[in-house]
Amino acid sequence: MGRVKTIARRTFLIGSAAVLGGVAFGAYLYKRPVENPLLPDLAEGDAALTEYVRITSDGVTLITPRADKGQGAYHVQAALIAEELDIDLDQVTVDPGPPSPAYYNTALSEEAPGFMPTDEGFGANSMRTIMGAAMKIMGMQITGGSTTTADSWEKLRVAGAVARETLKAAAAQQTGVDVAEMTTTRGTVVLPDGTAIAYTELAATAATLDPVQDVNLKAASEWRYIGKPMQRLDTVSKSTGMQDYGIDFELEDMLYATVVTNPRKGGDCWWINDEAALTMRGVHSVVAVTGGFGVIADNTWRAFQAAQQVTAGWSRAPYPAEQSDHWAALESAFADGKQDSQYRDDGDVEDALDEGDVVTAEYRAPYLAHAPLEPINATVKVSTDRVDVWTGTQVPRFVQTEVGKITGMDTEDVHVHVLMMGGSFGHRLELDVCRQAAEIAMTVPDTPVKVTYSREEDMTHDYTRQIAMARMRGTVKDGQVETLDLGIAMPSVVSSQMSRIGLSVPGPDAQIVAGAWEQPFGIPNYRVTGYRAPELAPISSWRSVGASSNGFFHDSALDELIHAAGADPMEERIRLTWDENARAVLEAVADMSGWSGPSMGENRGRGVAFCMSFGVPCAEVVEVTNTDRGIKIDKVFVAANVGQIVDPETLSRQMSGGALWGLGHSIAAEITHSDGMSDQQNFDGFEAMRMYQVPSVETRALELGEHVRGMGEPAVPPAAAALANAIFAATGTRLREMPFRNHFDFV
Amino acid sequence: MRLSVDGKTHEVDVEEDMPLLWVLRDEIGIKGVKYGCGIAQCGACTVHLDGVAVRSCQTLAADAVGANVTTINGLGTPAEMHAVQAAWAEHQVAQCGYCQSGQIMQAASMLAQIPNPTDEDIDAEMSGNLCRCGTYPQIRAAIVTAAAKLREA
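Sequences listed follow chains A and B, in order.
So in our numbering, spot 89 of the first sequence is number 479, and the numbers just go up one at a time.
So in our numbering, spot 91 of the second sequence is number 95, and the numbers just go up one at a time.
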């Protein structure tokens, strides 16, 4: 049975699918599914959705299934297809496409648990293969893990090339001219006599052909787009107010709603009193949602106003009520029985610690909200035979499944339309708003309802970044770092996040030690141990996930030991690394910053930090001045190796934006709990970096090695450590807890 | 009540205390104006009242009667961009872009009053506008470009 289905599916994939009078090309046409006994049958109907290039007589559409949260994903995906398709970006429409297992993310499997990104051995690559198969089996259409560029790099160029060659074959059939004599440019096939035939005129013929599978990708010397500065496709629309986001979605006869749920995340709602709210102008109804209520009105503000007039009875929090209890839970997690992983144990740490003078330190990283500027929202319409969901999401297939469960609709009858996101930083991996919008929309069949969170609901129900602690012991000898023993305790992000879609994940959580255990340093005695704290407040993936706290812990610890050894922070990191790409990145940032030691004169100092995360070695230098009014960040330098630059402009923005994200949160931001509720409700309490604090930022991307990597996250983890190290250089005070403004004023 | 927005007159039937933000977005349908915080902490909702930047989430509808309201959609269009919008496009400021309507309206208002702003002026005038993506260095550069262009004009 399995084999028959596999063959049938492949037959379908190999034929080009005629779509609405046009033709669609997929990368599978070239890279057939590998014969792998691990692969069970894929879902019915997935084959029809494998296209990346759709051509009709009206135009050419490039399908960009990785979601755009502002990182430029649509643009980068479109550029990769267009490069090979020989069409210009001003000639195409970009469409994120429908949710489909065909759009599974291969590159997510690069994070093979227990293997360093630098490890190219048999074991590591076998694990990556198994993980890749798992992604495919599960049809993991996920945008995350800084994988969009890596995942798209080959797939989308191949899709473009297959389409191009098939269009040439169609032109050959129409004209009788030999394919070898044709060229392609700006969306046309050009014949030897100069006649140009538009792709749109070839679509109908191409739809009848078997796509050409034997294609060559262009040499780097032929690239028109890749590696060259481009203008992002959404630049003008986002500069003129013309870009619509999920929150702007509008339909005829739509109703506007908001939700209020138990301010203690995940708690129950016992009762509500909506008498006053129901008398208010424009209020349609107040309805129950899981853990709270929704207010439906004829205007978002009226829904907000009415929601404030509803009283409710809330249960206690399903986690410790006070912040101090959360920290206590982490402190008690440093115990042998709670060890989660020890992927790294080089040399003999215990012996070394017995012999030398031991340097010790303890570090803390708080809960943090994602707080994208566009509040969380979703529009849902429930009809008799279908459900439509319009929302910005990183996980459209999860949305489909969850909304299907709530509405009792088959998954294939749930149509998810992915809309542009006003930021995410991981927040739009969560599904609550889609579930709630479905619950609300079920009460008003055939009527679209847009649910918009108030900023307060968004922030107080943000599944935050993990809270985390680390303890370091180390020794130095003869001016060098000799021992680094780092223990990290946090609850499991993966476990918390997966539990919300009913999945449990066995084994250690690599995120507990990500950004620490796999650092490419040759410290003689070197151990990194992860400890799993119990689940506390629910947590989620926050830009760079485990590495967002661990990059701070690991590099701060290393910096303390380098200082104890009396070595130069830059030189010692360079000496310690055995990875040539990491060394090149450190040398680049030293060059950019004119590194001449941490001291820059009275009240001034610079710090360097390094973290490899998501396979990207990234080093940052921060320069600060200790002024009369507080610490001023003067300059930031960011260097990273991504293997291959697709668009230097987009890349540079991710490098500088990532560093500022890391710096801004390390200075001022935290989410704390009292009586089970978030103490911070809006941007007055959860402070982000503002213009007056922003330093100049210089970036440099390197293109070393075989791997293509993404830069959405890797600039985040080193930032806080580089700042703390710089403040130490300028003031002599070592900051070991974020946010730093609890210890210093910042200007 | 009657509101003048982007050169057009709109008759709206709303509560006097409905914030201008929600009149613009949900009643008139101008979506370039964004909701971010509702308490004047983020600046995403910035529009001009008679040329001066205000936070539309804190401006009551009734207080906008009789004034000329300009939104990002009225400042310029893709075909005919205002100098500030053109500078934003030139510097490719936007990442997610959600804050940029407000940033542009704030910058345009500042430049109308301070044609040649110093870094300190930019800090003072722009620090009420949040950008979560961290586009601040590009915003600063675009303001300098726009200021030069506007001084030439």
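Even for Gly, the Cβ is constructed at its ideal location relative to N, Cα and C.
Fair warning: this is a prediction, and the values are worked out from it, not measured in the lab.
Shown here, A/HIS953 sits in a helix according to DSSP, grouped into three states. Nearest to A/ASP868 by alpha-carbon distance, out of A/ILE952, A/ARG861, A/SER844, is A/ILE952. When DSSP reads this structure, A/ARG734 sits in a beta bridge with A/VAL918. Taking 7 Å as the cut-off, the Cβ atoms of A/SER722 and A/GLY920 do not count as close.
The Cβ neighbour count for A/SER447, taken over all protein chains shown within 10 Å, is under 16; the residue is labelled exposed. Look at B/ARG136: its C-beta is under 7 Å from a C-beta on chain A. By the neighbour-count criterion, in which a residue is buried when 16 or more other Cβ atoms sit within 10 angstroms of its Cβ, B/ASP10 is buried. B/PRO23 is bridged by DSSP to B/LEU64. In this structure A/LYS618 does not touch A/GLU474 by the C-beta definition: roughly 15 Å separates them, more than the 8 Å allowed. Per DSSP, reduced to three states, the secondary structure at A/GLY513 is helical. Judged by their CB atoms, B/ASN72 and B/ASP54 are nearer to each other than the 7 Å cut-off. Distance from the CA of A/TRP661 to the CA of A/GLU846, rounded to the nearest whole angstrom, comes to 21 Å. Using beta-carbon distances, A/LEU1050 counts as an interface residue toward chain B, with a partner under 7 Å. Within the model, the alpha-carbon separation for A/ALA742 versus A/PRO1085 is close to 41 Å. Among the residues facing chain A, B/LYS12 is not included, as its CB has no counterpart in that chain under 7 Å away.
For the pair A/THR648 and A/GLY681, the CB atoms are not nearer than the 7 Å cut-off. Within its own chain, the residues whose Cβ lies closer than 6 Å to the Cβ of B/VAL88, once the five positions on either side in sequence are excluded, are ILE108, ALA111, ALA112, ALA150, listed in chain order. The Cβ of A/VAL580 sits no closer than 7 Å to any Cβ of chain B. CA-CA distance, A/VAL935 to A/GLU1039, rounds to 25 Å. Check the Cα spacing between A/SER714 and each of A/SER939, A/ALA725, A/ARG754, A/PRO455: the tightest is with A/ARG754.
In the DSSP assignment, A/MET862 falls within the unbroken beta strand (DSSP E) covering 858–867. Comparing C-alpha distances from B/LEU64 to each of B/LEU7, B/HIS86, B/GLN96, B/PRO119 shows the shortest one belongs to B/LEU7. Taking a beta-carbon distance threshold of 7 Å, B/ASN77 counts as an interface residue toward chain A. Between the region 767–774 of chain A and the region 822–830 of chain A there are three or more C-beta pairs closer than 8 Å, enough to call the two in contact.
Residues of the region 36–62 of chain B whose Cβ lies closer than 8 Å to any Cβ of chain A, in chain order: GLY36, VAL37, LYS38, TYR39, GLY40, CYS41, GLY42, ILE43, GLN45, CYS46, ALA48. Scanning chain B for C-beta atoms nearer than 8 Å to the C-beta of A/ALA761 yields ARG136, reported in chain order. Secondary-structure assignment with DSSP links A/SER1003 through a beta bridge to A/VAL1006.
Within 10 angstroms of the beta-carbon of A/GLN467 lie 16 or more other beta-carbons, which makes it buried. Between A/HIS805 and the set A/HIS1133, A/PHE1130, A/THR508, A/GLY487, the nearest pair of CA atoms involves A/GLY487.
In the structure shown, A/PHE788 adopts helical secondary structure according to DSSP, grouped into three states. Excluding residues up to 5 positions away in sequence, ASN993, ARG994, ILE1021, LYS1022, ASP1024, ALA1120 lie with their Cβ nearer than 8 Å to the Cβ of A/THR1015 in the same chain. Listed by position along chain A, the residues whose Cβ is nearer than 9 Å to that of B/ILE108 are SER629, THR630, GLY631. Using a Cβ-Cβ cut-off of 7 Å, A/GLY920 is close to nothing in chain B; its nearest Cβ partner there is about 30 Å away.
Taking CB atoms only, B/PRO141 has a neighbour in chain A less than 7 Å away. Here the alpha carbon of B/ASP21 sits roughly 16 Å from the alpha carbon of B/ILE32. For B/SER131, the closest of B/THR13, B/LEU25, B/GLY36, B/ALA44 by C-alpha to C-alpha distance is B/ALA44.
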